[in-house]
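To start, the structure under review is shown below, and the notes come after it.
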Amino acid sequence: ESKSKQRGGLSGFEREMDGRYIEQQKLKSDLRDAIAAKGLSVAYQPMFKADGSRIECAEALARWVHPEKGAIPPDVFIRLAEEMGVISDITRFILMKACTDCMTWPEHIAVSVNLSARDLRDADILAVVAEALQASKLEASRLHLEITESCLIDEPAAVRAILAELRARGITIAIDDFGTGFSSLSYLDTLPLDIVKIDRSFLRNIVEDGRRLKLLRGTVNLARELGLKIVTEGVETTEQLALLNKYRATDLIQGYVFSPPVPSQNIALLQQAIGRRAVQRRRNKV
Ligand code: C2E
Ligand code: MG
Ligand code: MG
Ligand code: MG
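Numbering-wise (UniProt numbering), the sequence shown opens with residue 481 and increments by one.
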């Protein structure tokens, strides 16, 4: 330790901080390159009707495979992009790709795109969305946008106006990760919303703990009373699935129990496979 201090004038801690800072800068510059070279891709995670009989929507999830480091989680690079002020470039790219890909799916399947808080701070988002719809010729009714509670902290009035305008154009608005953050239930009443995506943290212990289940059912009932549709995220086990269905506690299911995020081409194939199974079941009955 003292030796290294003499050498570089830096303590181990300082050197480590320095190393991390350099690594971070490198990652940022690589991300900038990836955006410029259209090096990001999109995976889609379907949302199924609770009985598994049909895909209703698929969520676009950004993917970045770094040439040396491999896949970087979106939680990491989306935050970097926000810090760098380039998130709007990613949003624009994902929106365009998502609308274009959705056009290749069966017509009843919608596509859902995540917006970051930064996107909603800028009224430009209205033009960006309009451009993606126009270029892809996708109907507005097939586009969903997901916002999180963190989008609402800054300028609630301005954000509300943008959401209202998007909705007036026929786009569906979902609140994502509901139940994390500071989740005020009154948002559900006052915001222009269509869908509540119940965060997977709500599912923790619902099979074992009756009180957890009550919390989930109460939240869902309230949202429904307000006319909102329910998507439950992160459903992993058949026990969770059975419980949600037993209490009719969700409209749609998104989670590993039905499907992980997949490439765009798999969405139509998955829907086909489900359709065939349904036909077979009907045949077996007669
Ligand atoms: P999110 O929007 O809540 O997306 C759901 C995340 O949960 C996805 O992680 C998905 O792969 C994961 N997941 C789905 N089913 C299960 C399950 O059954 N169990 C578990 N444990 N996880 C499940 P992913 O793809 O790593 O994305 C993480 C987050 O990154 C997203 O959370 C979203 O907030 C953000 N993100 C991803 N793509 C974009 C984007 O294009 N724009 C913006 N602004 N954010 C994005
Ligand atoms: Mg989402
Ligand atoms: Mg989510
Ligand atoms: Mg979530």
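Where a beta carbon is used, it is the ideal one built from N, C-alpha and C, also for glycine.
Check: residue i C-beta below 8 Å from any heavy atom of ligand 2
{"i": "residue 769", "result": "Residue 769 is absent from the model: the chain starts at 481 and stops at 766."}
{"i": "D656", "result": "yes"}
{"i": "E496", "result": "no"}
{"i": "E562", "result": "no"}
{"i": "K677", "result": "yes"}
{"i": "E626", "result": "yes"}
Rounded separation between residue i and residue j - CA only
{"i": "E688", "j": "R649", "result": "43 Å"}
{"i": "K485", "j": "F493", "result": "Caution is warranted here: a pLDDT of 48 is assigned to K485, below 50, making its placement in the model unreliable, and no coordinate value can be reported."}
{"i": "R572", "j": "P586", "result": "24 Å"}
{"i": "I754", "j": "L671", "result": "35 Å"}
{"i": "D513", "j": "L507", "result": "10 Å"}
{"i": "residue 425", "j": "L673", "result": "Residue 425 lies beyond the range of the chain shown here (481 to 766); nothing can be said about it."}
{"i": "L696", "j": "D498", "result": "45 Å"}
{"i": "K549", "j": "R543", "result": "13 Å"}
{"i": "L749", "j": "Y524", "result": "13 Å"}
{"i": "E635", "j": "S509", "result": "30 Å"}
{"i": "T580", "j": "N594", "result": "16 Å"}
{"i": "E563", "j": "E503", "result": "15 Å"}
6 Å Cβ shell around residue i - same chain, five flanking residues per side excluded
{"i": "M576", "result": "A612"}
{"i": "M527", "result": "E536, C537, V711, L732, Q734"}
{"i": "D669", "result": "L706"}
{"i": "T730", "result": "A530, I710, T712, L724"}
{"i": "I589", "result": "I535"}
Beta-carbon proximity of residue i to residue j, cut-off 9 Å
{"i": "V609", "j": "L625", "result": "yes"}
{"i": "A631", "j": "S666", "result": "Reading off the sequence, residue 631 comes out as Cys, not Ala. Not closer than 9 Å, so no."}
{"i": "G561", "j": "I570", "result": "The question names Gly, but residue 561 is Ala in the sequence shown. Going by C-beta atoms, A561 is nearer than 9 Å to I570."}
{"i": "I675", "j": "I651", "result": "no"}
{"i": "I686", "j": "G659", "result": "no"}
{"i": "E716", "j": "L683", "result": "yes"}
{"i": "V522", "j": "S681", "result": "no"}
{"i": "L600", "j": "V566", "result": "no"}
{"i": "S616", "j": "M583", "result": "yes"}
Any non-hydrogen atom of ligand 1 closer than 8 Å to residue i Cβ
{"i": "S596", "result": "yes"}
Contact test: residue i Cβ vs ligand 3 heavy atom, cutoff 8 Å
{"i": "E536", "result": "no"}
{"i": "K709", "result": "no"}
{"i": "D555", "result": "no"}
{"i": "E716", "result": "no"}
Nonlocal neighbours in the same chain, by C-beta distance under 8 Å from residue i, ignoring five residues either side
{"i": "I633", "result": "A597"}
{"i": "S533", "result": "I754, A758"}
{"i": "K518", "result": "F573"}
{"i": "A655", "result": "Per the sequence shown, the amino acid found at residue 655 is Ile instead of Ala. So the list reads E626, I627, T628, E629, Y667, L668, L671, L673, I675, V676, K677, once near-sequence residues are dropped."}
{"i": "R500", "result": "none"}
Beta-carbon proximity list for residue i, same chain, < 7 Å, skipping 5 on both sides
{"i": "P741", "result": "A523, Y524, Q525, L541"}
{"i": "G714", "result": "R680, L683, G735"}
{"i": "A603", "result": "I642"}
{"i": "F557", "result": "L511, W544"}
(request) Pick out the complete beta strand (DSSP E) segments inside the region 530-611, 3 residues or longer, and give them in chain order. (result) 535-546, 550-552, 590-594, all fully within the region 530-611.
(request) Enumerate, from N- to C-terminal direction, the unbroken alpha helix (DSSP H) stretches of 4 or more residues contained entirely within the region 677-746. (result) Listed in chain order, the complete alpha helix (DSSP H) runs (minimum 4 residues) inside the region 677-746 are 690-705, 718-726.
(request) Within the region 630-678, note down every full alpha helix (DSSP H) run reaching 4 residues or more, in order along the chain. (result) Unbroken alpha helix (DSSP H) stretches of 4 residues or longer found wholly inside the region 630-678: 636-648, 665-670, given in chain order.
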